[in-house]
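Novice:
Number of protein chains: 2
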Amino acid sequence: MVEGGVDTASDRPVYKQIADLLRSAIERGDLGPGERLPSETELMKRYGVAQGTVRQAVGLLRSEGVVVAEHGRGVFVRARPRLRRLAHDRFARRHREAGKSAYDAEAEAEKVTALVDSIRVYPDKAKDEIARRLGLRKGAKVLVRSRRYLSDGQPTETATSYIPWDLAKGTPMVETNPGPGGIYARIEESGHRLGRFAEEVTARMPTPDEVTALRLAPGSPVIGLVRTAYDVDDLAVEVCDTVMSAELYVLSYELPAT
Amino acid sequence: MVEGGVDTASDRPVYKQIADLLRSAIERGDLGPGERLPSETELMKRYGVAQGTVRQAVGLLRSEGVVVAEHGRGVFVRARPRLRRLAHDRFARRHREAGKSAYDAEAEAEKVTALVDSIRVYPDKAKDEIARRLGLRKGAKVLVRSRRYLSDGQPTETATSYIPWDLAKGTPMVETNPGPGGIYARIEESGHRLGRFAEEVTARMPTPDEVTALRLAPGSPVIGLVRTAYDVDDLAVEVCDTVMSAELYVLSYELPAT
DNA sequence: GAGTGGTCTAGACCACAGG
DNA sequence: CTGTGGTCTAGACCACTCT
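Residue numbers (the numbering used here), protein chains in the order written: chain A, 1 to 258; chain B, 259 to 516.
1) Which residue wins for smallest C-alpha separation from residue 395(B), given the options 403(B), 384(B), 402(B) and 404(B)?
2) Closer than 9 Å, Cβ to any Cβ of chain B: which residues of the region 189-214 of chain A, in chain order?
3) Strictly below 9 Å CB to CB, what residues from chain A border residue 492(B)?
4) Note down the Cα distance separating residue 507(B) from residue 358(B), rounded to an integer number of angstroms.
5) I need the DSSP call for residue 397(B), collapsed to helix, strand or coil.
6) Which residues in chain A sit within 9 Å of residue 361(B), going by Cβ to Cβ distance?
7) In chain B, what lies closer than 7 Å to residue 93(A) by C-beta?
8) What does the alpha-carbon distance come out to for the pair residue 252(A) and residue 327(B)?
9) Rank 166(A), 18(A) and 175(A) by C-alpha distance to the C-alpha of residue 120(A) and give the top, closest one.
10) So, is residue 275(B) buried or exposed, given that buried needs 16 or more other C-beta atoms within 10 angstroms?
11) I need the DSSP call for residue 316(B), collapsed to helix, strand or coil.
12) Step through the CB atoms of chain B and report whether any lies within less than 9 Å of the CB of residue 268(A).
13) For residue 289(B), which of helix, strand or coil comes out of DSSP?
14) Can you grab the Cα-Cα spacing for the pair residue 469(B) / residue 40(A), in whole Å?
15) Hey, which unbroken runs of the beta strand (DSSP E) at 3 residues or more fall wholly within the region 387-439 of chain B?
16) Decide yes or no for the touch test of the region 458-474 of chain B against the region 428-444 of chain B: beta carbon pairs closer than 8 Å, at least 3 of them.
17) Please name the residue in 93(A), 85(A), 79(A) and 14(A) whose C-alpha comes closest to that of residue 229(A).
18) Would a check of beta-carbon distances place residue 64(A) closer than 9 Å to chain B?
19) In the DSSP assignment, find the unbroken beta strand (DSSP E) run with residue 100(A) in it and report its ends.
20) When you compare only the Cα positions, how much space is there between residue 178(A) and residue 345(B)?
21) In or out: residue 95(A) buried (at least 16 other Cβ within 10 Å) or exposed?
22) In the DSSP assignment, find the beta strand (DSSP E) that holds residue 254(A) and state where it starts and stops.
23) Which of the residues in the region 416-449 of chain B, read from start to end, lie with their CB under 8 Å from any CB of chain A?
24) Go through its chain and collect everything with a Cβ distance to residue 391(B)'s Cβ below 6 Å, but skip five positions before and after it.
25) Starting from residue 269(B), find everything on chain A with Cβ-Cβ shorter than 8 Å and list it in chain order.
26) Assuming residue 482(B) contacts residue 501(B) (C-beta within less than 8 Å), just tell me the rounded distance between them.
27) Quick check on the burial criterion: 16 or more other C-beta atoms within 10 angstroms. Buried or exposed for residue 24(A)?
28) Give every residue of the same chain whose Cβ lies closer than 6 Å to the Cβ of residue 273(B), excluding the five residues on either side of it in the sequence, and list them in chain order.
29) Rounding to the nearest angstrom, what Cα-Cα distance links residue 271(B) and residue 51(A) in this structure?
30) By the DSSP assignment, the alpha helix (DSSP H) with residue 467(B) in it spans what residues?
31) Does the distance from the CB of residue 192(A) to the CB of residue 143(A) come in under 9 Å?
Given below as C-alpha cells:
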C-alpha cells in the first residue's frame with residue numbers, strides 16, 4: 001500500500017521521509033478518505049525505526065490536517081468535506097423578500113438541511129470594538145444575538161450579531177425567532193433601508209471553544225468574518241461576527257475596477 | 259522568570275503543563291516579543307524532565323505560533339506582526355493611472371518597503387481549473403507570471419497570474435517587468451478595459467513549500483485568494499492565484515444590498 | 001485481552017551559531 | 001570550543017477502543 005523505503009544517508013530527516021511517503025500515498029488515493037493508516041507498530045517494522053520517529057512523521061501529517069488520530073482506534077485519512085460557497089449577492093434584497101434568511105437560501109441552493117441552534121438573545125453593553133464599528137459610544141447598550149448554524153447535522157459556523165438597542169427594542173428582533181427574512185427584514189421594516197454591507201475577512205487557528213462548537217479537526221483553521229450592515233444613510237445598523245470552519249467555505253466577492 | 263512546577267499526579271500531561279507555564283509567562287509579558295526562552299537543558303533541570311518532554315512542550319508552543327526556534331541560537335517569543343489591510347477598492351483604476359501596482363500603492367499607504375522577487379515569466383499550457391476560469395479550452399496556452407511579495411524583508415504572499423496567450427504575446431507582459439501600473443495597465447492598453455474582478459477566498463493549512471516561501475511559523479494558516487479579472491465585455495482576461503500568510507492580512511470587501 | 005495511540009525516560013549523535 | 005536546537009533509539013508504562 002505504501003511502498004518505498006527511507007534513505008538514512010539522505011539530508012532529509014527520516015521522519016519527514018516517512019511523512020512524505022504517507023502523504024503521497026494519500027494524494028495518489030492509495031489511502032482514501034476515512035481509511036486507516038498502518039499502525040505505529042507496523043510502520044516501525046516497515047521502515048525499521050523507533051516509535052518516536054514514527055510519531056514524529058504522523059505528527060507532521062496531523063499538523064497539516066491530512067490525518068486525524070483517534071486514541072485506541074488508529075490514525076485516519078481525513079475526509080474532505082464539500083465546500084459551501086458564499087455568493088457575493090447573498091444579502092440581496094430579493095432573498096429577504098422571498099422570506100428566506102441568507103443561510104436558508106444558501107442551504108436550499110446547496111440542497112442540504114439547515115438548522116440553527118444554541119440561540120441566545122440578550123441585551124448587553126457593547127465591547128469597544130463593536131461600539132466602534134456601530135458608531136456608538138463606548139459601553140452603549142446593544143442587542144446580542146448569537147447562534148450556531150448546522151448543515152446536515154454538521155456545525156458549519158457560529159455567528160453573533162450586535163444591533164443598537166434603540167433600533168432593536170420593542171421589535172421581533174428581541175425574540176428568539178425574529179420572523180421571516182431574518183433580522184435584516186426587521187431592520188428594513190423599522191425604517192432603515194439597507195444600503196451596503198462591509199465585510200472583513202481573516203483566518204486563524206481556532207480557540208479550544210471553537211474547536212468544540214464547530215467540531216473542528218485538530219490543525220484545521222477558521223475563517224473570521226465581521227460584517228457591518230449600513231442603511232442608505234450610511235448609518236451602521238448591525239455588526240455580525242462570524243466564525244466558520246475554513247474547510248467548509250469558499251467566500252466569493254466582486255471588486256470594482258473603477 | 260517562569261515560576262511554578264509541574265504536577266506529575268495531574269491528569270494533564272507534563273509537557274502540556276510546561277507549555278502552559280511558558281505560555282502564561284509570555285501572556286503576562288514576563289517573556290516579551292523577541293526574548294529567548296530558557297534553553298532545553300535549563301528547562302530539563304528546572305522541571306526535572308527528559309529532553310523529549312521539554313521538546314514536546316516547546317513543540318506545542320511552536321505549532322501555536324507563539325514561539326519560533328532558531329537552530330543553534332534558541333527559542334524566541336514571536337513578535338506579532340502588524341496586519342496588512344487589503345481594501346475593497348485596491349484595484350481601482352485611479353491607482354493604476356498613478357503608475358503604481360496594487361501592492362506598491364498599499365505598501366506606500368502602510369509605510370513599508372515593498373519588494374518583489376522570485377519572478378518567473380513563461381508560457382505554459384493552462385491547468386484545467388485555470389482554463390475553466392479563463393473560459394479557454396483545456397490545455398490552451400497561457401502566459402504564467404509567478405512572483406513573491408515582501409514587506410520590510412518579510413515574505414507576505416506569493417502570486418501566480420495566468421493570462422491568455424493571445425492577449426499577452428508581443429506585449430511587455432512577457433517581460434519580467436511589465437512597466438508602470440503592472441499588467442492590468444498593459445491589459446487595458448491592449449484594448450480590454452477592465453470591468454470587474456471576482457475574488458474567491460479560502461483558508462487552509464500551508465503546504466511545506468508554502469511554509470518555506472512565506473517563512474511561516476508551523477501551525478499558521480494561509481489565505482488562498484483566486485481573482486479573475488474581466489473586461490467590460492465580461493471576457494476573462496486574467497486569473498491570479500495568491501497565497502498569503504493569514505496572520506498578516508485582513509481582507510475587506512463591500513457587498514450590495516440590492 | 002489484544003491492539004491502538006499517548007506520554008515519558010535516558011542516552012546518543014548531529015548540525016548550527018557565536019565567541 | 002561551548003551551547004544551542006534537531007534527530008533518533010530502545011524501552012517502559014498508561015489510556016482508550018473493540019471484541
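Every residue gets a Cβ at the ideal spot worked out from N, C-alpha and C, and that includes glycine.
Specialist: According to the structure shown:
1) Looking up residue 395(B) in the second sequence gives position 137. If we check each option's Cα against that of residue 395(B), 384(B) comes out closest.
2) 193, 194, 195, 196, 197, 198, 199, 200, 201, 202, 203, 204 and 205
3) In the second sequence, the residue the question calls residue 492(B) occupies position 234. Residues of chain A passing the Cβ test: none, with the nearest at roughly 12 Å.
4) One-based indexing of the second sequence puts residue 507(B) at position 249. One-based indexing of the second sequence puts residue 358(B) at position 100. Going from the Cα of residue 507(B) to the Cα of residue 358(B) covers about 20 Å.
5) For this step, residue 397(B) is matched to residue 139 along the second sequence. Of the three classes helix, strand and coil, the one that applies to residue 397(B) here is coil, per DSSP.
6) Translated into the one-based positions of the second sequence, residue 361(B) becomes position 103. None at all; the shortest Cβ gap to chain A is about 15 Å.
7) Mapped onto the first sequence, residue 93(A) falls at position 93. Under the 7 Å cutoff, chain B gives 515 and 516.
8) By 1-based counting over the first sequence, the position of residue 252(A) is 252. By 1-based counting over the second sequence, the position of residue 327(B) is 69. Roughly 37 Å between the two C-alpha positions.
9) Position 120 of the first sequence, counting from 1, holds the residue named residue 120(A). Checked all of 166(A), 18(A) and 175(A); the closest Cα to residue 120(A) is 175(A).
10) Here residue 275(B) corresponds to residue number 17 of the second sequence, with the count starting at 1. By the neighbour-count rule (16 or more Cβ atoms within 10 Å), residue 275(B) is buried.
11) Indexing the second sequence from 1 puts residue 316(B) at position 58. Of the three classes helix, strand and coil, the one that applies to residue 316(B) here is helix, per DSSP.
12) With chain A represented from 1 up to 258, any question about residue 268(A) goes unanswered, as that position is not in the structure.
13) Numbered from 1 along the second sequence, position 31 holds the residue referred to as residue 289(B). Residue 289(B) falls in the coil class under three-state DSSP.
14) Stepping through the second sequence from its first residue, residue 469(B) is reached at position 211. Stepping through the first sequence from its first residue, residue 40(A) is reached at position 40. The straight-line gap from Cα to Cα measures roughly 27 Å.
15) 399-409 and 412-422
16) no
17) To locate residue 229(A), count along the first sequence from 1; it is residue 229. Cα-wise, what sits closest to residue 229(A) is 93(A).
18) Within the first sequence, the letter at position 64 stands for residue 64(A). It does; some Cβ of chain B falls within 9 Å.
19) Your numbering for residue 100(A) matches position 100 in the first sequence. That residue, residue 100(A), is in no beta strand (DSSP E); it is neither H nor E in DSSP.
20) The residue given as residue 178(A) occupies position 178 in the first sequence. The residue given as residue 345(B) occupies position 87 in the second sequence. Going from the Cα of residue 178(A) to the Cα of residue 345(B) covers about 33 Å.
21) Within the first sequence, residue 95(A) is the residue found at index 95, counting from 1. Buried.
22) Reading the first sequence from its first residue, position 254 is the one you call residue 254(A). 249-256 is the span of the beta strand (DSSP E), which, as asked, contains residue 254(A).
23) none
24) By one-based count along the second sequence, residue 391(B) stands at place 133. Within the same chain, residue 391(B) has close Cβ partners 486 and 497.
25) By one-based count along the second sequence, residue 269(B) stands at place 11. Result: empty, since nearest Cβ-Cβ is about 14 Å, beyond 8 Å.
26) Stepping through the second sequence from its first residue, residue 482(B) is reached at position 224. Stepping through the second sequence from its first residue, residue 501(B) is reached at position 243. Right, their Cβ atoms sit about 6 Å apart.
27) As a position in the first sequence, residue 24(A) is number 24, starting the count at 1. Burial call: exposed.
28) By one-based count along the second sequence, residue 273(B) stands at place 15. Answer for residue 273(B): 311, 314 and 315, listed in chain order.
29) As a position in the second sequence, residue 271(B) is number 13, starting the count at 1. As a position in the first sequence, residue 51(A) is number 51, starting the count at 1. Those two C-alpha atoms are separated by around 19 Å.
30) As a first step, residue 467(B) is located in the second sequence; it is residue number 209 there, counting from the start. Note, residue 467(B): alpha helix (DSSP H), 466-471.
31) What you label residue 192(A) is simply residue 192 of the first sequence in a count that begins at 1. What you label residue 143(A) is simply residue 143 of the first sequence in a count that begins at 1. For residue 192(A) and residue 143(A), no; Cβs fall outside 9 Å.
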